[in-house]
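Peer 1:
2 protein chains.
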Amino acid sequence: MNLKQLAKELNLSISTVSKALRDSHEISIGTKSAVLAKAKELNYQVNPFASSLRKQKSNTIAVVIPEVVNGFFGRVINGVESIAQEKGYHVLIYLTHENMQKEVAIANLLQNGRVDGIMMSLSEQTTDTAHLEALKAKEIPLVFFDRIPEHIDSPKVTTDDVNCGIVATEHLIENGCKRIAYLSMSPNLSISYTRLSGYLEALKRNKIKEDNSLIVYCTGDEEQKNHSVRKLLKRKNRPDGIFASVEKLAITTYEICGELGLKIPEDIKIITLSNSYMAGLLNPSLTTIVQPAYEIGREAAAILFRMVEKRRHHFLLERTVLNSKLVARNSTKAKRSRK
Amino acid sequence: MNLKQLAKELNLSISTVSKALRDSHEISIGTKSAVLAKAKELNYQVNPFASSLRKQKSNTIAVVIPEVVNGFFGRVINGVESIAQEKGYHVLIYLTHENMQKEVAIANLLQNGRVDGIMMSLSEQTTDTAHLEALKAKEIPLVFFDRIPEHIDSPKVTTDDVNCGIVATEHLIENGCKRIAYLSMSPNLSISYTRLSGYLEALKRNKIKEDNSLIVYCTGDEEQKNHSVRKLLKRKNRPDGIFASVEKLAITTYEICGELGLKIPEDIKIITLSNSYMAGLLNPSLTTIVQPAYEIGREAAAILFRMVEKRRHHFLLERTVLNSKLVARNSTKAKRSRK
DNA sequence: ATTATCAGCTACATCGTTTTCGTAAGTTTT
DNA sequence: AAAACTTACGAAAACGATGTAGCTGATAAT
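Chains as they are written, first to last, in my numbering: chain B, 1413 to 1751; chain D, 1413 to 1751.
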């Protein structure tokens, strides 16, 4: 069922039917309602490719993320999808699996106009950003969130990551930690170094000397992560507090502590960024800093749609920072100060 | 950059360039390599809408699921995406949020040829399936997974749900449970009633009388779930074992047990279907039946692509059942039998 | 030498919409 | 009553790629 057939049924021209369907002022009320009725009767739906081809508009956005089995990104997708559905947009998902090659391949794929805009959170491996510059050069609206490239002029939506680092570290300090380790993913990831700077700031404020051996980057596969954390926890001068910048590293730490017979929080306290609804049920319950994931998704999508619809790019410097929330639980509980 | 411009640059006709790019035998090797070189130089990419319009093929599939903040569906998406990426397909995501109205709206959206095929897992509320029949009537390849409509002739990929029910229930029985409750979502969901039938079968095999008051459907919002579970656990004749058909209900049970001061596994044992990598770290660690989520995604996608590419629908009766795996942990540990 | 065959290329119709530009009536202005 | 507008519609040209059918010159077959 297409316009041609619809037009024939109605004894009208294709253009008249097309205009009637999009409520043009050129068409009389009577004709419009006749067309609408017939279109409904015959279940006419516009062909999205013909329409997109003609209008040079896809009504689709892409969400490019490292992975999806993850409370944070899942919630972000929820946020994005909620706005997309409101606005009648479609959402394409691309996963980089933390692999820069894939990210580049995806970025190249998206240069051909398939989408009106892109939301992206960088892979762990991403160092070079030529593929992102290329997208910008093609004038494709682009919004980064969470893991952002600092030096690209595009809107960015993040959590208050520096503050996360400060709050997490001070929470550990308040609960008696003296030797606090910082665990994170690749150091070139924005979330890694911003949270690190918060961590360092908190140490400075509390007159604790920073110790580079307590800053551990766990890149690579699962086994390497385990190895790095195990090595840290087996040191004779082992830390008494761990600030894990991502949930997975906190879980690894829990597992290694179990393996080594270390008691949380007695021997070592742990705090992490996490969006899991199970954090409170862990053994012991896990103190977390919760990111406003859904809101990040909504906000980033909202900005993207503004760019798409206004066809203006003076959002370049827009930088949205949403606040996280500390949820204190047993994994950081001080020994004595039981109130 | 389009074919026309490319052709002009090369002093060739549009059709020649088009054919050269798709490696047609009609074009000489020399011309082909010249075209390829120029196309690369000018970074030519085919316009997906023009191509889709002409070929009546979108190279896109849709994944329609209830939610995405969920280990199971996240992993499914991983599986789907892995095959889609291999085959050069794009993946559109649609969330129903367990809402039938949304599911219907999405199904209607997808009738216009935007996608070459659809993978779907039903919403909790879905009772009527006219919207699904409509998709079938339009001859759009359709594969259901996990939460399937029993009476629609489309390929279906699921876990061995009946067996899950049997294994879960017998595991509880083996660990000493006498009064086992079954917690699930809406009764019209396939995963609810198949797992139920496994539960009932296990009871029968073990000569335990079934008790309808121990079968609890937790539909609706979070508060209602809490209420239903709380009511169950406050009964004087409270169950000593819980088989939760989905992870969320096990979490709710943990929370309510905490609230009521019930000890797991001493007072009550719990087993659930779950794909969380945190199950082992809960307090107590949670016995789970793990679904092969990634494989379900891959398998369902593989079937879908076969349908799309062969343009044949004699897969109608295809029914793939993948096996789950029991991971016994402390939440179901018997009192004495410590081996 | 004449026809058949073939490689290699081009012209053109097509996919289904959108939109610009006409145009024929009817309506208002002077 | 002629000129100037409106109103309501239609013809046709895009949008960009694909594929059929046709054309040309050259080689092979008779």
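Glycine included, each C-beta is placed from N, C-alpha and C at the ideal position.
Tell me the residue span of the beta strand (DSSP E) that contains H1502 of chain B.
Peer 2: It spans H1502 to L1507 - the beta strand (DSSP E) in which H1502 of chain B sits, taken as one unbroken run.
Peer 1: Expressed to the nearest angstrom, what Euclidean distance is found between the alpha-carbon atoms of I1682 of chain D and S1743 of chain D?
Peer 2: Roughly 5 angstroms between the two C-alpha positions.
Peer 1: To test your reading of the DSSP string, which unbroken beta strand (DSSP E) runs of 3 or more residues are found completely within the segment 1639 to 1676 of chain D?
Peer 2: DSSP runs (the beta strand (DSSP E)) wholly in the segment 1639 to 1676 of chain D: 1653 to 1656.
Peer 1: Name the DSSP bridge partner or partners of L1554 of chain D?
Peer 2: DSSP, once it has assigned bridges, lists D:I1530 as partnering L1554 of chain D.
Peer 1: Note down the Cα distance separating S1749 of chain B from Y1689 of chain D, rounded to an integer number of angstroms.
Peer 2: A caution first: S1749 of chain B carries a pLDDT of 49, below 50, which makes its placement in the model unreliable, though a value can still be read off. Taking the straight line joining both Cα atoms gives about 32 angstroms.
Peer 1: Grab me the residues of A1542 of chain D's own chain with a C-beta within less than 6 angstroms of its C-beta, minus the 5 sequence neighbours each way, in chain order.
Peer 2: Excluding positions up to five away in sequence, the list is empty.
Peer 1: Please determine if the segment 1541 to 1558 of chain B and the segment 1494 to 1501 of chain B are in contact, where contact requires at least 3 C-beta pairs separated by less than 8 angstroms.
Peer 2: Output reads no: the segment 1494 to 1501 of chain B does not touch the segment 1541 to 1558 of chain B.
Peer 1: What number of angstroms, rounded off, separates the C-alpha of K1751 of chain B from the C-alpha of G1483 of chain D?
Peer 2: Residue confidence is low: K1751 of chain B scores 42 on pLDDT, short of 50, so the model does not pin down where it sits. No coordinate-derived value is stated.
Peer 1: Quick one: which chain B residues come within Cβ less than 7 angstroms of R1526 of chain D?
Peer 2: Within chain B, the residues near R1526 of chain D are P1460.
Peer 1: Would a check of beta-carbon distances place S1749 of chain B closer than 8 angstroms to chain D?
Peer 2: Its pLDDT being 49, under 50, S1749 of chain B is placed unreliably by the model, and the measurement read from it follows with that caveat. S1749 of chain B does not count as touching chain D.
Peer 1: Straight-line CA distance for V1458 of chain B to L1521 of chain D?
Peer 2: Cα to Cα, V1458 of chain B sits roughly 10 angstroms from L1521 of chain D.
Peer 1: Note down, in chain order, each residue of its chain lying with its Cβ closer than 8 angstroms to the Cβ of A1714 of chain B, except the 5 sequence neighbours on either side.
Peer 2: If we look at A1714 of chain B and ignore the five residues flanking it on each side, its Cβ neighbours are I1495.
Peer 1: Is T1428 of chain B helix, strand or coil when you go by DSSP?
Peer 2: Helix at T1428 of chain B.
Peer 1: When the Cα atoms are used, what is the spatial distance from F1717 of chain B to A1451 of chain B?
Peer 2: The alpha-carbon atoms of F1717 of chain B and A1451 of chain B are separated by roughly 29 angstroms.
Peer 1: Excluding the five sequence neighbours on either side, which residues of its own chain have a C-beta within less than 7 angstroms of the C-beta of A1746 of chain B, listed in chain order?
Peer 2: So the qualifying residues of the chain are N1587 and G1588.
Peer 1: Cutting at 6 angstroms between CB atoms, please list the residues of its own chain near P1567 of chain D, excluding the five before and the five after it.
Peer 2: Excluding sequence neighbours, P1567 of chain D sits near V1555, I1715, F1727 and E1730.
Peer 1: Work out the CA separation of T1664 of chain B and E1582 of chain D for me, nearest whole Å.
Peer 2: When rounded, the distance between both Cα atoms is 32 angstroms.
Peer 1: Note down, in chain order, each residue of its chain lying with its Cβ closer than 7 angstroms to the Cβ of T1538 of chain B, except the 5 sequence neighbours on either side.
Peer 2: So the list reads M1512 and E1515, once near-sequence residues are dropped.
Peer 1: When you check each C-beta in the segment 1635 to 1656 of chain B against every C-beta of chain D, which residues fall closer than 7 angstroms?
Peer 2: From the segment 1635 to 1656 of chain B, no residue has a Cβ closer than 7 angstroms to chain D.
Peer 1: Would you call the segment 1434 to 1453 of chain B and the segment 1524 to 1532 of chain B in contact, with 3 or more CB pairs under 8 angstroms?
Peer 2: With a cut-off of 8 angstroms, the segment 1524 to 1532 of chain B and the segment 1434 to 1453 of chain B do not count as touching, because too few Cβ pairs lie within range.
Peer 1: Identify the residues that DSSP records as bridge partners of L1380 of chain D: which are they?
Peer 2: No answer is possible for residue 1380 of chain D: the residues shown for chain D start at 1413 and end at 1751.
Peer 1: I need the DSSP call for S1749 of chain B, collapsed to helix, strand or coil.
Peer 2: The pLDDT assigned to S1749 of chain B is 49, lower than 50, so where the model puts this residue is not dependable; a value taken from the coordinates is nonetheless given after this. Here S1749 of chain B sits in coil by DSSP.
Peer 1: How is the alpha helix (DSSP H) around I1514 of chain B delimited, first residue to last?
Peer 2: The amino acid at residue 1514 of chain B is misidentified as Ile; the sequence shows Lys. K1514 of chain B -> alpha helix (DSSP H) spans M1512 to L1521.
Peer 1: With a cut-off of 8 angstroms, does the C-beta of M1512 of chain B fall near any C-beta of chain D?
Peer 2: Chain D contact via Cβ: absent.
Peer 1: With 9 angstroms as the limit, tell me which residues of the segment 1681 to 1703 of chain D have their beta carbon closer than that to any beta carbon of chain B; keep them in chain order.
Peer 2: Listed in sequence order: N1687, S1688, Y1689, M1690, A1691, G1692, L1693, L1694, N1695, P1696, S1697 and L1698.
Peer 1: Under 8 angstroms, CB to CB, which of the residues in the segment 1532 to 1565 of chain B have a partner in chain D?
Peer 2: Per Cβ criterion, the list is empty.
Peer 1: Determine the burial state of M1531 of chain D: buried for a count of at least 16 other Cβ atoms within 10 Å of its Cβ, exposed for fewer.
Peer 2: Result: buried.
Peer 1: Are the CB atoms of V1503 of chain D and R1487 of chain B within a distance shorter than 8 angstroms?
Peer 2: No, Cβ-Cβ distance for R1487 of chain B and V1503 of chain D is not below 8 angstroms.
Peer 1: Pick out whichever of B:D1572, B:A1740, B:M1719 and B:M1597 has its Cα sitting closest to the Cα of I1708 of chain B.
Peer 2: Taking only the C-alpha atoms, the option nearest I1708 of chain B is B:D1572.
Peer 1: I need the DSSP call for K1737 of chain B, collapsed to helix, strand or coil.
Peer 2: In this structure, K1737 of chain B counts as strand in the three-state DSSP scheme.
Peer 1: Quick one, which of B:V1569, B:M1597 and B:K1737 has its alpha-carbon nearest V1658 of chain B's?
Peer 2: When each option's Cα is compared against that of V1658 of chain B, the closest is B:M1597.
Peer 1: Does the beta-carbon of P1677 of chain B have 16 or more other beta-carbons within 10 angstroms, so that it is buried, or is it exposed?
Peer 2: When all chains shown are included, P1677 of chain B counts as buried.
Peer 1: Tell me the DSSP secondary structure of V1480 of chain D in three-state form.
Peer 2: Correct three-state label for V1480 of chain D: coil.
Peer 1: Quickly, what does DSSP pair S1596 of chain B with across the bridge? List them, please.
Peer 2: S1596 of chain B is bridged to B:Y1629.
Peer 1: Can you find the residues in the same chain that come closer than 6 angstroms, C-beta to C-beta, to V1429 of chain B, ignoring five residues on each side of it along the sequence?
Peer 2: Within the same chain, V1429 of chain B has close Cβ partners L1415, L1418, A1419 and V1447.
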